[in-house]
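Worksheet: the structure to be examined is printed underneath.
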Amino acid sequence: MTDQHSTSDLVQDLLRRHRERLALIPERGEVQGGVYLRISEDREGDELGIDRHFEDLLSLFKARAWALDRRHVFIDNDLSAAGKRDRPNFLRMLGVIGQGELKVITAWMLDRFLRDRPDQLRLYELCEEREMLLSFARGSDIDMATPAGQMVADILAAVARGEIKVKGDRQRRAQEQAAQQGRRVGGRRPFGYDASGMVIEPQEAEAVRRAYSDLLAGVPLGQIAREWNAAGLRSGQTRWRDGPKGKRGEPSEWSHDTVRLVLRNPRNAGLRRYKGEIVAAARWPAIVGEEVWQAADALLGDPGRRSGGAGRAGQRMLTGVALCGVCGATVHSGRGEAARRGYPVYRCSQSTGHVVRQLGPVDEYVSAFAVARLSRPDAADLLTTRTGPDVTELRDEANALRARLDALAVEFADGSLTQSQLRAATERLRTRLKDTESQLADAGRASLLGPLLAAEDVAAAWEALDDHRRRAIVDAIMYVVVFPVGRGRRNFDPDTVLVLPRIES
Numbered sequence: 001m002t003d004q005h006s007t008s009d010l011v012q013d014l015l016r017r018h019r020e021r022l023a024l025i026p027e028r029g030e031v032q033g034g035v036y037l038r039i040s041e042d043r044e045g046d047e048l049g050i051d052r053h054f055e056d057l058l059s060l061f062k063a064r065a066w067a068l069d070r071r072h073v074f075i076d077n078d079l080s081a082a083g084k085r086d087r088p089n090f091l092r093m094l095g096v097i098g099q100g101e102l103k104v105i106t107a108w109m110l111d112r113f114l115r116d117r118p119d120q121l122r123l124y125e126l127c128e129e130r131e132m133l134l135s136f137a138r139g140s141d142i143d144m145a146t147p148a149g150q151m152v153a154d155i156l157a158a159v160a161r162g163e164i165k166v167k168g169d170r171q172r173r174a175q176e177q178a179a180q181q182g183r184r185v186g187g188r189r190p191f192g193y194d195a196s197g198m199v200i201e202p203q204e205a206e207a208v209r210r211a212y213s214d215l216l217a218g219v220p221l222g223q224i225a226r227e228w229n230a231a232g233l234r235s236g237q238t239r240w241r242d243g244p245k246g247k248r249g250e251p252s253e254w255s256h257d258t259v260r261l262v263l264r265n266p267r268n269a270g271l272r273r274y275k276g277e278i279v280a281a282a283r284w285p286a287i288v289g290e291e292v293w294q295a296a297d298a299l300l301g302d303p304g305r306r307s308g309g310a311g312r313a314g315q316r317m318l319t320g321v322a323l324c325g326v327c328g329a330t331v332h333s334g335r336g337e338a339a340r341r342g343y344p345v346y347r348c349s350q351s352t353g354h355v356v357r358q359l360g361p362v363d364e365y366v367s368a369f370a371v372a373r374l375s376r377p378d379a380a381d382l383l384t385t386r387t388g389p390d391v392t393e394l395r396d397e398a399n400a401l402r403a404r405l406d407a408l409a410v411e412f413a414d415g416s417l418t419q420s421q422l423r424a425a426t427e428r429l430r431t432r433l434k435d436t437e438s439q440l441a442d443a444g445r446a447s448l449l450g451p452l453l454a455a456e457d458v459a460a461a462w463e464a465l466d467d468h469r470r471r472a473i474v475d476a477i478m479y480v481v482v483f484p485v486g487r488g489r490r491n492f493d494p495d496t497v498l499v500l501p502r503i504e505s
C-alpha cells in the first residue's frame with residue numbers, strides 16, 4: 001500500500017477526515033504527544049482501520065489535555081507485524097523521539113509499535129533515554145523513565161511477540177487445511193469470478209477461454225492484453241490517480257505480465273494451489289479443462305519462449321508456416337525490392353536468392369483453400385482425428401526432465417561429471433524437454449477450430465480473424481509450400497503454391 005500511495009497523502013487525508021475532532025486538540029502544549037498508526041491489512045485502500053484507531057487516540061489526547069503537532073502523526077499502512085519490510089514512518093518517529101520533541105508517544109495497542117526484537121530495542125532505548133511515556137487507547141500507560149515501567153514494557157513485548165507467532169502459526173495451518181480441502185481463503189477478486197471467488201463471471205470467463213485458445217494458437221500475450229483493454233476488461237491490480245479527495249485507486253489496464261499471471265493460475269482449471277504446488281481439486285467451478293491449462297502453463301513456463309509485451313505484430317499469415325519450395329526453410333514477411341518496392345512479400349528465411357513472392361495473392365489462395373476445407377460437411381473430423389497424448393503423463397515427464405537437469409548441476413559440482421559430460425547430457429535432456437513441452441502445447445489446441453466450425457458463414461468468420469489466428473489454423477490443417485516465379489510474371493499461378501491437407505479425413 002505505502003509503496004503506491006505515499007504516506008504524506010495518507011496523513012493529509014486522515015487529518016482532513018478528522019478536522020472537527022482535531023480542532024479540539026491544541027498543536028502546542030506542556031505535553032507534546034505523537035501518534036503512531038499501523039494497519040496490517042488494508043486490501044481496499046480505504047484506511048477504515050486507521051480511522052477507527054485515530055478516533056480512539058484523539059479521545060485519549062482530549063481526555064489527557066495533551067497537544068498534538070499534526071506533523072507528529074506517523075502512519076505505516078498495510079505492513080504485517082510478521083513481515084520483513086522496513087517501516088519508513090516508524091523510523092521517522094524514532095528520529096523525532098531522538099530529537100527530544102515528544103514527551104509521550106501513543107498507539108492503539110503495544111503490538112502496533114512492535115514487530116520484532118530490533119524494533120523493540122530501538123524504541124525502548126530511545127524512550128528510556130528521553131524518559132518518555134508510552135500510552136495506548138487499549139492498554140495501560142508505560143512510564144519508560146522508571147525501572148518498573150521498563151520491566152512491564154519488556155514483559156508485554158514478549159507476550160505480544162508470542163501472540164504474533166501463535167497467530168501466524170494458526171493462520172498458516174488454517175490456510176494449509178483450506179487448500180487441502182480445495183477452499184478459498186479470501187484475497188483479491190480473481191479475474192473470471194465474482195467477489196466470492198466461487199461463481200463464474202460470464203464475460204470475463206469467456207475472455208479467459210478465448211485467451212487460452214489464442215495463446216495456444218500462437219497469439220502473443222501483448223495482443224491478448226490489448227484486446228482485453230479494448231473490451232473494457234480490467235485487472236484486479238490498482239493504479240493510483242489524483243482525485244478531489246486525494247489519491248484514490250482505480251483498476252489497472254492489462255499488460256503482457258498480468259495476462260501471463262491469469263493464464264498460469266491453476267484456479268482457472270478448478271485446481272487449488274498452495275505454496276506453488278497443486279494440492280487438491282477446488283470447490284469452485286473451472287473455466288477451462290485441466291489439459292488446456294496444463295498446455296498453456298507448459299508453454300508460458302518454457303524459459304526459451306520469446307518474451308516481451310509488444311507481440312509479433314509484424315508477422316503475417318504464413319510467416320514461419322509456409323515453406324520455401326527451393327530449400328524447405330520457412331518463409332518470413334518483409335518488403336519487396338526494386339519493382340516490388342513497397343509491396344509486402346514472403347521471402348525465404350535462409351537465402352535471398354530463393355523465394356520472393358507478393359504476399360497478397362498467396363494469402364488469398366491459401367485462405368480460399370482453408371475456408372473450403374473448413375466448410376465441408378466432414379470438417380468436424382479435423383477435431384476428432386486430433387487425438388493427443390496423455391497430458392498428465394507429458395507434464396510428469398517434463399517435470400522429471402527438469403529435475404534431472406538440476407541433478408546434473410549437483411553432480412558436476414560434486415565432481416561426478418566432467419564439463420564435457422555435463423554439456424552432452426544437458427543437451428540431450430534439453431532436446432527431450434523441448435519436444436515434451438511442444439507436445440504439451442499442442443495438446444491444448446483442440447479448441448482452436450471450434451469457433452470456425454460452429455460458424456454459419458465460415459468465410460465471414462475467417463475474414464474476421466487476425467493473422468495470428470489464421471496462421472495457427474493453417475498450421476493445424478495444412479502444409480503450404482511456396483515456389484519461386486520468373487521475373488516480370490504478374491498473374492498469379494496457383495501451381496506455384498502447393499497446399500496439402502495435414503489431416504486426411
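Reminder that position 169 of the sequence shown reads as 169 in full-length UniProt numbering, one-by-one numbering, no gaps. Heads up, the beta-carbon is just placed ideally off N, CA and C, and yes, glycines get one too.
Taking the alpha helix (DSSP H) that residue i belongs to, which residues open and close that run?
i	result
Gln-294	290 to 300
Val-199	Counting along the chain, Val-199 falls outside any alpha helix (DSSP H), and DSSP gives it neither H nor E.
Ile-105	Per DSSP, Ile-105 belongs to no alpha helix (DSSP H); it is in the beta strand (DSSP E), 104 to 107.
Gly-149	147 to 180
Tyr-124	117 to 130
Asn-491	Note, Asn-491: premise wrong, no alpha helix (DSSP H); not H, not E.
Arg-264	Careful: Arg-264 lies outside any alpha helix (DSSP H) and carries neither H nor E.
Phe-90	88 to 98
Gly-222	221 to 230
Glu-20	19 to 22
Phe-113	110 to 113
Let's see if you can read the secondary structure: which residues bound the beta strand (DSSP E) around residue i?
i	result
Arg-357	356 to 358
Arg-32	One point to set straight first is that residue 32 is Gln, not Arg, in the sequence displayed. Looking at the DSSP string, the run of the beta strand (DSSP E) that includes Gln-32 is 32 to 39.
Ile-473	No beta strand (DSSP E) holds Ile-473; the alpha helix (DSSP H) holding it covers 467 to 477.
Phe-136	133 to 136
Leu-498	497 to 501
Ser-347	Looking at the sequence provided, one finds Arg at residue 347 rather than Ser. It spans 344 to 348 - the beta strand (DSSP E) in which Arg-347 sits, taken as one unbroken run.
Between the options, which has its C-alpha nearest residue i's C-alpha?
i	options	result
Arg-469	Thr-319, Leu-58, Asp-9, Arg-260	Thr-319
Pro-501	Gln-421, Asp-406, Val-371, Asp-302	Val-371
Leu-60	Tyr-274, Thr-106, Arg-70, Ala-153	Thr-106
Ala-211	Met-151, Asp-194, Arg-264, Ala-179	Arg-264
Ser-349	Asp-363, His-332, Pro-361	His-332
Leu-68	Gln-223, Leu-102, Ala-282, Glu-397	Leu-102
Ala-137	Arg-347, Asp-111, Arg-209, Arg-122	Asp-111
Ala-476	Ala-454, Val-499, Asn-491, Glu-456	Val-499
Pro-190	Pro-377, Thr-436, Glu-411, Ile-287	Ile-287
Ala-454	Gly-182, Asp-76, Ala-379	Ala-379
Trp-462	Glu-437, Leu-394, Val-355, Ser-375	Ser-375
Ala-145	Leu-221, Ala-280, Arg-209, Val-104	Val-104
Glu-125	Ile-97, Ala-148, Asp-141, Glu-253	Ile-97
residue 510	Asp-51, Ala-280, Glu-253, Arg-17	Residue coverage of the chain in this structure runs from 1 to 505, which leaves residue 510 outside it and unanswerable.
Leu-37	Phe-90, Arg-70, Pro-26, Asp-13	Phe-90
Leu-394	Leu-233, Asp-381, Arg-21, Val-292	Val-292
Asp-467	Gly-415, Asp-214, Ala-63, Ser-351	Asp-214
Lys-275	Arg-209, Gly-232, Glu-204, Ala-178	Ala-178
Leu-156	Gly-139, Arg-170, Val-166, Asp-9	Gly-139
From the DSSP secondary-structure annotation, give me the bridge partner or partners of residue i.
i	result
Arg-273	Ile-278
Val-73	Val-35
Cys-327	Its beta-bridge partners do not exist; DSSP assigns none.
Ile-142	Leu-134
Val-11	Paired residues: none, contrary to the question.
Leu-452	In DSSP, Leu-452 forms no bridge with anything.
Ala-67	Gln-32
Val-482	Cys-324, Val-497
Since residue i and residue j should fall inside the 8 Å C-beta cutoff, what is the C-beta to C-beta distance between them, to a whole number of angstroms?
i	j	result
Gly-192	Arg-184	The pair is not a contact, with the Cβ atoms about 13 Å apart (cut-off 8 Å).
Arg-471	Gly-218	6 Å
Val-31	Trp-66	5 Å
Gly-353	Val-345	Not a contact, Cβ separation roughly 14 Å.
Ala-298	Ala-398	6 Å
Leu-408	Ala-425	6 Å
Gln-182	Arg-283	In the sequence as displayed, the identity of residue 182 is Gly instead of Gln. Going by Cβ atoms, the distance from Gly-182 to Arg-283 rounds to 5 Å, so yes, they are a contact pair.
Leu-94	Leu-123	7 Å
Leu-114	Ala-148	Not a contact, Cβ separation roughly 19 Å.
**Item:** Inter-stretch contact at 8 Å, needing at least 3 Cβ pairs: the segment 262 to 271 / the segment 170 to 181
**Value:** Under the Cβ criterion (8 Å, minimum of three pairs), the segment 262 to 271 does not count as touching the segment 170 to 181.
**Message:** Assess contact between the segment 399 to 409 and the segment 482 to 491, defined as three or more Cβ pairs (one per stretch) separated by less than 8 Å. Is contact present?
**Reply:** Touching, no.
**the segment 219 to 234 in contact with the segment 137 to 155 per 3-pair CB rule at 8 Å** = With the rule of 3 Cβ pairs closer than 8 Å, the segment 219 to 234 does not count as touching the segment 137 to 155.
**Message:** Pairs of beta-carbons, one from the segment 123 to 132 and one from the segment 51 to 58, closer than 8 Å: are there three or more?
**Reply:** Flag = no, the segment 123 to 132 and the segment 51 to 58 do not touch.
**Message:** With three or more beta-carbon pairs closer than 8 Å as the criterion, would you say the segment 364 to 379 touches the segment 490 to 499?
**Reply:** They touch, by the three-pair rule.
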